[in-house]
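Residue numbers (the numbering used here): 81 to 543.
For every residue, glycine included, the Cβ atom is placed at its ideal position computed from N, Cα and C.
Bear in mind that the values here come from a model prediction, so they are computed numbers and not experimental data.
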Amino acid sequence: MNEYDSSKMADILKDSHALELTQDETQADVLLLNTCSVREKAQEKVFSQLGRWRKLKAQQPEIVIGVGGCVASQEGEAILKRASYVDLIFGPQTLHRLPQLFDQAVKQHRSQIDISFPEIEKFDHMPEPRVEGAAAFVSIMEGCSKYCTFCVVPYTRGEEFSRPFDDVVAEIAGLADRGVKEVTLLGQNVNAYQGEMHDGDIADLALLMHYVAAIEGIERIRYSTSHPLEMSDSLIQSYAEIPELVSHLHLPIQTGSNALLKAMKRRHTTDEYRDIVRRLREIRPDISMSSDFIVGYPGETEQDFKDTMDFIAEINFDHSYSFIYSQRPGTPAADLSDDVPLEIKKQRLALLQQRLSQQSADISRKMVGSTQRILVTGLSPKQKKQQGVSVDNAEKSIAVDFEAAVPGISTKNSQLTGRTENNRVVNFTGNHDLIGTFVNVNITAAFANSLQGEIHLAGLHSA
Ligand code: SAM
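Right, here's the structure in full:
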């Protein structure tokens, strides 16, 4: 979601002020920091980055510095107390107002702050989405109304709200016209989607995906991130009805302990989660499950942690995300004593990550010998390095026109890269023409972070 928001910031300022994106901060007239406040560590990084930019601003006072995202939303004016040289402070729901904020800051020589929650207005003011290759993100809902005790999101992004159904379908149809074949539907609780249709009916995620799958050119659908409470019957059933929907689901559970699930106000039990997985696996026996885990939540006992480890083994989670509990100001859990010692938290995290890595490596090993349908996204990192092409340039060229050869690169066979349904990177040898298409690849080897493959000749026709 943050990557998506960042690209929107760049698009908006390009449209309004013809600003071009640069990754080189010494070249920039405007420096924007998109921030996350889910954990304290991410929040602290904001101020160290601002400290570095302060030096640039001292040399060039006309540089405009902006802070967006959830730290901006949470801290607001307080950012100016620690970094008075910041010119723009805007939240996740006001990033579309960047051009006006920017103009006012320049005109008035005064910091501008807008961290309100005007909700749906944001989507009405977005420029046409940029197409970068054959895969695209589409934000369909925002915010969270679940109020888990540990989580800051409802306070920084606001309550759940969904984009109107027709707007989403029209956006994806437009993307498909421009060559997009895979869409990832985004939202903090994307499966809580409730989009109003033109006749006033409300569409859920399952219905939306039926329409998205029917759009010509869309061959693969992902969605992220989900909440177990919102895994409705219709959503589970869509795994039987929508072949374009990938056999991979990221479904955060946080802990395998029922006592902690209750304390976190997750409002479901491990059995209910098991039941979701059982029903999904009845429909798609090979579906891969991934999740989010928090270790060291207040009061977490050895037994709670053991329950989590057992649950991970039982479900056989694939590559997942895990975090040490971080106390967030303003959340209900912030009033509890953060009583698990840091050393224990670190030990638990290491054990948990070790188990998840082992399981994910086993899943990769089992894929060796199988044929996987992958969407070819570009040159492999190794190939880019060998050809001396900067990653940025190669990706840009591919993004602009993936049919065209990348300047300075031979159009003969190269190492290409793509992703499987379960989100594994596969490197293989093939022609540039394959970039942006689906191919079938035989998996020949599994490494820690990627798979090696070779084109399955019959599979070329699926491109
Ligand atoms: N929709 C997801 C769900 O079901 O809860 C939440 C997505 S949340 C923005 C991303 C992840 O950050 C959470 O699943 C959780 O594991 C982690 N997280 C959130 N708050 C945290 C905290 N205070 N400390 C540590 N990790 C946290």
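Alpha-carbon to alpha-carbon, residue j and residue i
i: residue 353; j: residue 527; result: 31 angstroms
i: residue 544; j: residue 401; result: Summary: the structure shown does not reach residue 544, with the chain confined to residues 81 through 543, and so no result is reported for it.
i: residue 425; j: residue 98; result: 48 angstroms
i: residue 420; j: residue 397; result: 25 angstroms
i: residue 524; j: residue 535; result: 10 angstroms
i: residue 309; j: residue 537; result: 43 angstroms
i: residue 360; j: residue 319; result: 7 angstroms
i: residue 411; j: residue 154; result: 12 angstroms
i: residue 81; j: residue 219; result: 8 angstroms
i: residue 172; j: residue 323; result: 33 angstroms
i: residue 453; j: residue 391; result: 30 angstroms
i: residue 272; j: residue 138; result: 46 angstroms
i: residue 214; j: residue 327; result: 19 angstroms
i: residue 133; j: residue 115; result: 15 angstroms
i: residue 152; j: residue 118; result: 12 angstroms
i: residue 432; j: residue 105; result: 38 angstroms
i: residue 123; j: residue 193; result: 18 angstroms
i: residue 496; j: residue 216; result: 19 angstroms
i: residue 344; j: residue 533; result: 43 angstroms
i: residue 253; j: residue 284; result: 19 angstroms
i: residue 438; j: residue 280; result: 49 angstroms
i: residue 84; j: residue 175; result: 12 angstroms
i: residue 294; j: residue 445; result: 34 angstroms
i: residue 506; j: residue 227; result: 38 angstroms
Residue i - partner residues in DSSP beta bridges
i: residue 523; result: 533
i: residue 276; result: 282
i: residue 269; result: In DSSP, residue 269 forms no bridge with anything.
i: residue 301; result: 263 and 325
i: residue 113; result: 147
i: residue 518; result: 455
As assigned by DSSP and simplified to three states, the class of residue i
i: residue 89; result: helix
i: residue 472; result: With a pLDDT of only 46 at residue 472, under the threshold of 50, the placement of this residue in the model should not be trusted; the figure read from the coordinates follows. In the structure shown, residue 472 sits in a helix (DSSP, three-state: H, G or I).
i: residue 353; result: helix
i: residue 372; result: strand
i: residue 334; result: strand
i: residue 119; result: coil
i: residue 507; result: strand
i: residue 486; result: The predicted position of residue 486 is uncertain, since its pLDDT is 44 and thus under 50; no value can be drawn from it.
i: residue 96; result: helix
i: residue 306; result: coil
i: residue 543; result: Caution applies to residue 543, whose pLDDT of 36 falls short of 50 and renders its modelled position unreliable; the value that the coordinates give is listed next. Three-state DSSP puts residue 543 in coil, outside helix and strand.
i: residue 499; result: strand
i: residue 481; result: Bear in mind that a pLDDT of 36 at residue 481, under 50, signals an unreliable position, so the model cannot answer this.
i: residue 493; result: coil
i: residue 528; result: coil
i: residue 166; result: coil
i: residue 105; result: helix
i: residue 135; result: helix
i: residue 318; result: helix
i: residue 158; result: helix
i: residue 348; result: coil
i: residue 128; result: helix
Problem - ligand 3 site residues, beta-carbon cut 6 angstroms against heavy atoms - result: As for ligand 3, it is missing from this structure, which binds only ligand 1.
Handout entry: Start-end ranges of the beta strand (DSSP E) lying completely within the segment 168-250, minimum 3 residues
Key = 168-170, 192-194 and 215-219
Handout entry: Stretch-stretch touch, CB-based, cutoff 8 angstroms, three pairs: the segment 330-337 with the segment 364-384
Key = The segment 330-337 makes contact with the segment 364-384; the number of CB pairs closer than 8 angstroms reaches 3 or more.
Exercise for the section: Could you say if the segment 244-256 and the segment 162-178 meet the contact criterion of at least three C-beta pairs nearer than 8 angstroms? Expected result: By the criterion of at least three beta-carbon pairs nearer than 8 angstroms, the segment 244-256 is not in contact with the segment 162-178.
Practice task
Flag this pair as touching only if the segment 294-306 and the segment 261-277 have three or more C-beta atom pairs under 8 angstroms; answer yes or no.
Solution key: yes
Practice task
Within the segment 387-474, note down every full alpha helix (DSSP H) run reaching 4 residues or more, in order along the chain.
Solution key: 422-447 and 461-466
Practice task
Check whether the segment 424-443 touches the segment 456-464, taking contact to mean three or more Cβ pairs, one atom from each stretch, closer than 8 angstroms.
Solution key: no
Exercise for the section: Determine, using beta-carbon pairs with one atom in the segment 231-244 and one in the segment 273-286, whether at least three such pairs fall under 8 angstroms. Expected result: yes
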